[in-house]
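Residue numbers for the sequence shown follow our numbering, so the first one is 219 and each next one is one higher.
Heads up: the structure comes next, in C-alpha cells.
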Amino acid sequence: MARIDVNHIRHSYLTNPKKDSDFALKEVHHTFEDGGAYALLGPSGCGKTTLL
C-alpha cells in the first residue's frame, strides 16, 4: 500500500520570518493513504492553497 507522509511543514511568505505568526503554515503533519479521498477546508487566508 502506498502512502505519502508530510511532517513538520512550515511556510512563510516573508524573507526572514522570526515568530510563529509570520508563518502561513506551522508544523503540518499528515499521512495520505492510498485510495483515500481528502479535502482541505477552512476560512479564507488559512493556508489551504499554500499547503497544496
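Here a beta-carbon is modelled for each residue, glycine too, at the ideal position from N, C-alpha and C.
| query | result |
| --- | --- |
| Rounded straight-line distance, which links the Cα of D240 to that of G265 | 12 Å |
| Cβ-based neighbour list, V246, same chain, cut-off 7 Å, excluding 5 preceding and 5 following | V224, I227, L269 |
| Beta bridge counterpart(s) of D223 as assigned by DSSP | T249 |
| Rounded straight-line distance, which links the Cα of A242 to that of G260 | 13 Å |
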